[in-house]
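See structure below.
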Amino acid sequence: QRIVDAAEKYGAENCVVILGSSDAEGAEIYAETVTNGDPTFAGPLAGVPLGLAVYHVFDEEIRSECNEAQWEEQISMMEMVLEPDALAAAVKGMRDEFSKFKL
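Sequential numbering from 4 applies to the sequence shown in our numbering.
Right, dumping it as structure tokens:
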């Protein structure tokens with residue numbers, strides 16, 4: 004519901020969703036939910052295609068904006084144990100297909 008509220012308050016074109024999911028399938032579902040609506044039709048985004056810009060924290064466009072020291076402290080360990088390219092690609096697929104907005 005918070006995402007719907009933010010999109011209504013600030014405009015979908017002014018909202019960016021950054022995901023931190025640890026598995027590609029989950030990241031893809033979350034990305035689809037904020038772009039094309041909840042595919043399970045179970046939550047507040049059921050049938051609500053917001054078209055939001057959505058990225059995984061491992062997307063280069065997001066990483067390049069992060070403070071390097073903070074990245075090392077907060078994210079680098081997960082980058083070593085997860086599959087950052089697969090996670091970023093899963094979200095990019097949904098973004099390319101359904102997002103109306105980009106960074």
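C-beta: ideal position from N, C-alpha, C; glycine also.
Keep in mind it's a predicted model, so treat the numbers as computed, not measured.
CA nearest to the CA of residue i, picked from the options
{"i": "M81", "options": "E71, A93, E68 and F61", "result": "F61"}
{"i": "I78", "options": "K12, S24 and E31", "result": "S24"}
{"i": "D99", "options": "W74, A27, E28 and A34", "result": "A34"}
{"i": "L53", "options": "A93, F44 and G14", "result": "G14"}
Inter-residue spacing [alpha-carbon to alpha-carbon] between residue i and residue j
{"i": "A9", "j": "L55", "result": "11 angstroms"}
{"i": "F44", "j": "E64", "result": "30 angstroms"}
{"i": "R5", "j": "E11", "result": "10 angstroms"}
Bridge partners - residue i, DSSP secondary structure assignment
{"i": "L22", "result": "H59"}
Close beta carbons around residue i, own chain, < 6 angstroms, minus the five adjacent residues each side
{"i": "L85", "result": "S25"}
Rounded Cβ spacing between residue i and residue j (contact assumed at less than 8 angstroms)
{"i": "G40", "j": "G29", "result": "At roughly 17 angstroms, the Cβ-Cβ gap does not stay under 8 angstroms, so G40 and G29 are not in contact."}
7 angstroms Cβ shell around residue i - same chain, five flanking residues per side excluded
{"i": "A91", "result": "H59, F61 and D62"}
{"i": "V57", "result": "V20, L22, A34, V37, T38, V94, M97, R98 and S102"}
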